[in-house]
Each structure stands twice: as C-alpha cells, then as structure tokens.
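Asker: 1 is the number of the first residue of the sequence shown in the UniProt record's numbering; add one for each residue after it. For glycine and all other residues, C-beta sits at the position ideal for the given N, C-alpha and C. Just so it is clear, the structure is predicted and the values come from calculations on it, not from any experiment.
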Amino acid sequence: MWSNATQEGTAVVEDVLGTIKRSLATLSATERKVAESVLAEPGVVVENTVTELAERCGVSSATVARFCQTLGFSGYRQFRLEVATTLSREQAERNRFEIVDDEIDPSDGIEDVISKVLYHEVLAIEQTMRGLDRPSVEQASKALVHANRIEVCGFGASGITAHDLHQKLSRIGRPSSYSPDVHFVLPSASLLGKGDVLVAFSHSGATAETLSVCRSSSLGRRDRGCCDELSSVVPCSGCWRSAHYPGEGESLPLGRHGESNRAACCCGCLVYASNSGAL
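1. Does G255 come out as helix, strand or coil in the three-state DSSP assignment?
2. Cβ of D102 within 9 angstroms of Cβ of E90?
3. If I follow the unbroken beta strand (DSSP E) through D196, where does it start and stop?
4. Whose C-beta lies closer than 8 angstroms to the C-beta of S115 among residues of the same chain, with five residues either side of it excluded?
5. Taking V16 as the reference, give the member of A25, K33, V83 with the closest Cα.
6. Name, in chain order, the residues that DSSP records as bridge partners for R56.
7. For T51, I'd like the list of residues in its chain whose CB is within less than 7 angstroms of its CB, leaving aside the five on either flank, ordered along the chain.
8. Assign I20 to one of two classes, buried (16 or more other C-beta atoms within 10 Å of its C-beta) or exposed (fewer than that).
9. Just confirm the distance between the C-beta atoms of R56 and S28, as a whole number of angstroms; I'd bet it's less than 8 angstroms.
10. So, A35 versus F79, is the Cβ gap smaller than 9 angstroms?
11. By alpha-carbon positions, which one of H146, S204, S190, G43 ends up nearest to D85?
12. Let me know if E31 comes out buried or exposed under the rule of 16 or more other beta-carbons within 10 Å of its beta-carbon.
13. Secondary structure at I172, three-state DSSP: helix, strand or coil?
14. Hey, quick one: how far does the alpha helix (DSSP H) through E47 stretch, first residue to last?
15. Which partner residues of S177 appear in the DSSP bridge assignment?
16. Helix, strand or coil for I20? Go by DSSP, reduced to three states.
17. From which residue to which residue does the alpha helix (DSSP H) around P106 run?
18. What is the rounded straight-line gap between the Cα of H120 and the Cα of I172?
19. Between the Cα of E126 and the Cα atoms of R149, S136, E93, which residue gives the shortest distance?
Here's what the structure looks like:
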C-alpha cells in the first residue's frame, strides 16, 4: 500500500483522494485538470487506462503520468491501485453503516441522516489517523508537556479549534493563552522565548492573521529558541513556509471528497526548532 515516509523513515498510510485535494494548490494547470476530474468521479481511474483517463481530462498521457509522480507514486499503475483501495475501503464503510449513497438528501428519513452523519464522522477520524506523522506527533506532545508557556492561535473558524485546545490544555493544568484578536496575539507571540510553544491553526495555511503571528514568532524563535507547531491542510502554504519542521497535512473529505470535515481535527505539521529548550 502506498505511503509517505515520515521524518524518521516510518511508513504512514495515507488516503490518496485526500492527498489529491490538499495538493490542488501546488499542481500545474494541466495536472489540476486531472485532479479535479478524479475528485469529481474517482471511479474513472479504476475503469480507465492512462490513455483513456487523459482523453477524459483533455490532457496528454504524459500529464497524467506526471500528475501521479507529483503525488509520490511510481506511475499510473500504482496510483490506480491506491484509488481502488480507497474506494473499496469507503464502500466497506458504507456497507458497515448500511447506506448506499453517502450524500444527505432532503428526502432522507431521520435514521438515514443519522447513519450518513455518523459515516462521515468515522471516516474523517480514520483518515486523520492514517495521515498522522507519528514522529511529529510525538515531538509535539513532548513540546507541549515540557513547555514553559503555550500560545494558541487561530482565527475565524480555525479559532474554534484553537479555543477548544486552549480549554483542554487548561483543564489538564498546562499553561496556555488564547485570544481571537490578532492585535493581542501578535505582541504576545513575539515575546515567546526558549522553552515556549506556539500552536497555530489555519485550515488553508494562508490565513493572513495566522501568517503574521507565525512570522512574529519566527523573529523571537531565532533569538530565543521557541518551538512552534502548525495545524493546516495545505502543505505548501505560507504558514508552512514559516515552519521549521513541515510534516503531513490531511484533508478530511465530507461527501464525495468535497469540503473538508471540520468535525475531526485537521492533522497538520509540527514546526520544530532544533535549538528549542522545550524538548
């Protein structure tokens, strides 16, 4: 089964359709045409050869092959196998919850709606688990355990996740601070020092306010060795470029691999400063 190697060489199984979705922003225009076609109807990959898929997408066979390699596959054959595996896994989950179509329809009865919502929640959690970079998670947990101070930030919808983490940290006795106002967070983040941790949440990885906070903390980190971690679903975004240690992001599909499911936490990357006294 296809996997990406983590920082320490440990294989991590990933969901190929989620990988495609979060890679959209980094693909070329022609590769994006292939990606969008596959996301709209994943079954076409299983049913078609590389030449047939290229014709459906209006691109060359070389573009399809390059698209597969961009995602980390050796070629179309391996990519096709992983798509088939993902679709088979999702079909098994639908059978488990006794649903035929995972899209919620206005005509669905209450039992159907409950089953479909449960299906998506479980699927999101399982995809999160498969996409976790284990060494990064371990480093992040150690940083949080030993941190002198934890600054949590997130704005807009990501602020809900940030506030939730802040509350949970407070409940277990870990010192943390959170504010939905970037004007309060910026000066606070710039004062982070050795042994401190910044946890930043951004669904796109390009939220302007979050970028400002990451850059502000980067200035302090170089001088004082603080440790940062970022949760995002876009691995090549501005926030990731502010990072010391980019890991794996994970897109959690809700209904035919469309919008990300925010019910499960988007597992992003650990930004780790090697000179930090936190670990």
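Answerer: Answer, in terms of the structure:
1. Position 255 of the sequence shown, counted from the first residue, corresponds to residue 255. Residue confidence for G255 is low, a pLDDT of 34 falling below 50, so the modelled location carries little weight and cannot support an answer.
2. The residue labelled residue 102 in the question sits at position 102 within the sequence shown. The residue labelled residue 90 in the question sits at position 90 within the sequence shown. Yes, Cβ-Cβ distance for D102 and E90 is below 9 angstroms.
3. Within the sequence shown, numbered from 1, the residue matching residue 196 stands at position 196. D196: member of the beta strand (DSSP E) spanning 196-201, first to last residue.
4. Here residue 115 is taken as the residue at index 115 of the sequence shown, counted from 1. So the qualifying residues of the chain are F97, E98, I99.
5. Looking up residue 16 in the sequence shown gives position 16. When only C-alpha atoms are compared, the closest one is V83.
6. Numbered from its first residue, the sequence shown carries residue 56 at position 56. Paired residue(s): none; R56 is not in a bridge.
7. As a working mapping, residue 51 is identified with position 51 in the sequence shown. For T51, where only same-chain residues beyond five positions count, the Cβ hits under 7 angstroms are S61.
8. Within the sequence shown, the letter at position 20 stands for residue 20. The residue is buried, with at least 16 neighbouring Cβ atoms inside 10 Å.
9. Working through the sequence shown from its first residue, we reach residue 56 at position 56. Working through the sequence shown from its first residue, we reach residue 28 at position 28. Incorrect: roughly 18 angstroms between the Cβ atoms, too far for contact.
10. Along the sequence shown, read from residue 1 onward, the residue named residue 35 stands at position 35. Along the sequence shown, read from residue 1 onward, the residue named residue 79 stands at position 79. Against a cut-off of 9 angstroms, the Cβ pair of F79 and A35 comes out as no contact.
11. If you number the sequence shown from 1, residue 85 lands on position 85. Rather than Asp, the amino acid found at residue 85 in this sequence is Thr. The shortest Cα separation from T85 among H146, S204, S190, G43 belongs to G43.
12. Your numbering for residue 31 matches position 31 in the sequence shown. It is buried - the Cβ of E31 has at least 16 other Cβ atoms within 10 Å.
13. Counting from one through the sequence shown, the residue named residue 172 turns up at place 172. Looking at I172 - three-state DSSP - the assignment turns out to be coil, as it is neither helix nor strand.
14. Within the sequence shown, numbered from 1, the residue matching residue 47 stands at position 47. Its alpha helix (DSSP H) spans residues 43-47.
15. Against the sequence shown, residue 177 aligns to sequence position 177. Paired residues: E151.
16. Sequence index remark: in the sequence shown, residue 20 carries index 20 (1-based). Helix, per DSSP.
17. Taking the sequence shown and counting its residues from 1, the one referred to as residue 106 is at position 106. Here P106 belongs to no alpha helix (DSSP H), and DSSP marks it neither H nor E.
18. Position 120 of the sequence shown, counted from the start, is the residue given in the question as residue 120. Position 172 of the sequence shown, counted from the start, is the residue given in the question as residue 172. Looking at the two C-alpha atoms, the distance is approximately 30 angstroms.
19. Residue numbering aside, residue 126 sits at position 126 when the sequence shown is read from its first letter. Residue E93 is the option with its Cα nearest to E126.
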